[in-house]
Amino acid sequence: MMVRIYKPAKTAMQSGRAKTNAWMLEYRAESRRIPEPLMGWVSAGDTTNQVRIPFDSKDEAIAFARKHGFAFTVQEPRERVLKPKAYADNFAFNRRSNWTH
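In the working numbering, the protein residues as written are -17 to 83.
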């Protein structure tokens, strides 16, 4: 069974970075997803694609995957690039574009 180990990014609905510190272990789907004929909802034959196991560190998640004999891939998180900004930059003399209302 194939699993993916990753650190979740914040959603577009979050302004903070809560719930992004834990590493997740997620099973890869082994069967196709099929639309249900009556309601049109998407379903799958196995329920492992619904399981997400949180871990405090990447090493704990890797140890869990090795202990249970899972093949795994690790996705490293991207580093956040902060651009320092100040309100006074709107009125600077060396501004690249014109300031208009």
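All residues carry an ideal CB built from backbone N, CA and C; glycine is no exception.
Pairwise C-alpha distance: residue j and residue i
i, j, result
"T30", "L64", "37 Å"
"Y84", "E58", "The structure shown has nothing for residue 84, since the chain only spans -17 to 83."
"S13", "S79", "54 Å"
"Y(-12)", "D28", "22 Å"
"A53", "L7", "12 Å"
"G(-2)", "R34", "22 Å"
"N3", "P66", "23 Å"
"A74", "P(-10)", "38 Å"
"D41", "K1", "18 Å"
"K49", "E61", "29 Å"
"T55", "Y9", "11 Å"
Exposed unless 16 or more other CB atoms sit within 10 angstroms - verdict on residue i
i, result
"I16", "exposed"
"W5", "buried"
"L20", "exposed"
"V(-15)", "buried"
"A43", "buried"
"A47", "buried"
Residue i - DSSP class collapsed to helix/strand/coil
i, result
"T29", "coil"
"F75", "coil"
"A(-9)", "coil"
"R48", "helix"
"E8", "strand"
"A68", "coil"
"A0", "coil"
Integer-rounded CB distance, given that residue j should sit under 8 Å from residue i
i, j, result
"A11", "A(-6)", "Actually they are not in contact, since the Cβ atoms of A11 and A(-6) sit about 24 Å apart, beyond 8 Å."
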